[in-house]
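Residue numbers (UniProt numbering): 1 to 281.
No residue lacks a Cβ here, since even glycine has one placed at the ideal position from N, Cα and C.
Everything on this sheet refers to the single structure shown next.
Next comes the structure, spelled out in structure tokens:
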């Protein structure tokens, strides 16, 4: 039987604990309220690049991909994704490895992402290639291609117009031409936005709620820096009068026939309990 408990740590990090004695996997997810809309205009894709780089070693666990190897070697999987205004990191693992003696388990490795990533010079350029490979693969995805067109058709100075995936050109070549050091930009971005007060974490385990809470408090979740980051709000929509009323025809990669209608509506986030947009869409 599931049991739940919500916590807010002294640093403002919100935590949801889920106890399920019957689960065959433990899991955790941490969400940061920052995404590619917060990318600097001169470095498109930086939030996505930062997500990639957090897997490449931390002060406590400096070996590249050590976290991923630990998870996979104990029956688990790990992943992350960068969205418009948030970035999510998550994993699952065999229950006994969630936290080994309250230290050196999956949770301890996981929390280091948000405390002390290395962003090494050697990994930076190599991981740019990984982002570029992801970009190249996306070129054959019709849904991704259409989304890029929608963004490019928005108001040119609106954050929605930004290129969120990033590639070698935007993150390395253009950066070098502008005299920007990618590693320094990564450090600045992480230091600015990876703040406990715009994070939320959920943890699922076989342990009791008290034991799960003790894991959180005994590890370093409370040490994630609180930087008092204001959540960004966009008062103006991405499409003005000049951008509306446009017709865009797309030649697909696959044999598709789709009609997409895009139109602005007001911000319904405050109505999340009733989810009115589900009725519209």
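Proximal residues to residue 93 (C-beta, below 6 Å), its chain only, five neighbours per side dropped: Counting from 1 along the chain shown, the entry for residue 93 is found at position 93. In chain order, 26, 71, 74, 76 and 106 place their CB closer than 6 Å to the CB of residue 93, counting only its own chain and leaving out the 5 sequence neighbours on each side.
CA-to-CA distance, residue 121 to residue 63, given in whole angstroms: Residue numbering aside, residue 63 sits at position 63 when the chain shown is read from its first letter. Residue numbering aside, residue 121 sits at position 121 when the chain shown is read from its first letter. Their Cα atoms are separated by approximately 14 Å.
Simplified DSSP state of residue 255, which is helix, strand or coil: As a working mapping, residue 255 is identified with position 255 in the chain shown. It is coil, neither helix nor strand.
Opening and closing residue of the beta strand (DSSP E) in which residue 203 lies: For the purposes of this step, residue 203 is taken as residue 203 along the chain shown, with counting starting at 1. Segment 199-205, the beta strand (DSSP E) holding residue 203.
Nearest-angstrom Cα separation, counted from residue 51 out to residue 123: Residue mapping note: residue 123 aligns to position 123 of the chain shown, counting from 1. Residue mapping note: residue 51 aligns to position 51 of the chain shown, counting from 1. Rounded to the nearest angstrom, the two C-alpha atoms are 13 Å apart.
Residue 189 versus residue 53 - alpha carbon distance: On the chain shown, position 189 is the one that residue 189 refers to. On the chain shown, position 53 is the one that residue 53 refers to. So the alpha carbons of these two residues sit roughly 12 Å apart.
C-alpha distance - residue 127 paired with residue 98, whole-angstrom precision: Taking the chain shown and counting its residues from 1, the one referred to as residue 127 is at position 127. Taking the chain shown and counting its residues from 1, the one referred to as residue 98 is at position 98. Their backbone Cα atoms lie some 27 Å apart in a straight line.
Residue 30 - partner residues in DSSP beta bridges: Taking the chain shown and counting its residues from 1, one reaches residue 30 at position 30. According to the DSSP secondary-structure assignment, residue 30 is paired through a beta bridge with 89 and 201.
Spatially closest choice to residue 165 from 187, 256, 191 and 137, by CA coordinates: Locating residue 165 in the chain shown gives position 165, where the first residue counts as 1. With distances taken between CA atoms, residue 165 lies nearest to 137 out of 187, 256, 191 and 137.
contact_flag[the segment 166-181, the segment 266-273] where n(CB pairs < 8 Å) is 3 or more: No, because fewer than three Cβ pairs between the segment 166-181 and the segment 266-273 fall closer than 8 Å, the two stretches do not touch.
Range of the contiguous beta strand (DSSP E) that encloses residue 78: The residue labelled residue 78 in the question sits at position 78 within the chain shown. Boundaries of the beta strand (DSSP E) around residue 78: 77-82.
Straight-line gap, residue 194 to residue 43 (C-alpha atoms, nearest Å): Residue numbering aside, residue 194 sits at position 194 when the chain shown is read from its first letter. Residue numbering aside, residue 43 sits at position 43 when the chain shown is read from its first letter. Cα to Cα, residue 194 sits roughly 18 Å from residue 43.
Residue 132 classed as buried or exposed, judged by whether at least 16 other C-beta atoms fall within 10 angstroms: Locating residue 132 in the chain shown gives position 132, where the first residue counts as 1. With a threshold of 16 other beta carbon atoms within 10 Å, residue 132 meets it and is buried.
Anticipated Cβ contact below 8 Å, residue 13 with residue 209, distance rounded: If you number the chain shown from 1, residue 13 lands on position 13. If you number the chain shown from 1, residue 209 lands on position 209. So it is not a contact: roughly 17 Å between Cβ atoms.
Close Cβ partners of residue 227 (< 7 Å) along its chain, the five nearest in sequence each way excluded: One-based indexing of the chain shown puts residue 227 at position 227. Answer for residue 227: 195, listed in chain order.
Beta-carbon spacing of residue 203, residue 212 below 8 Å: Reading the chain shown from its first residue, position 203 is the one you call residue 203. Reading the chain shown from its first residue, position 212 is the one you call residue 212. Yes.
Collapsed DSSP secondary structure at residue 266 in the structure displayed: Here residue 266 refers to the residue found at position 266 when the chain shown is read from its first residue. It is coil, neither helix nor strand.
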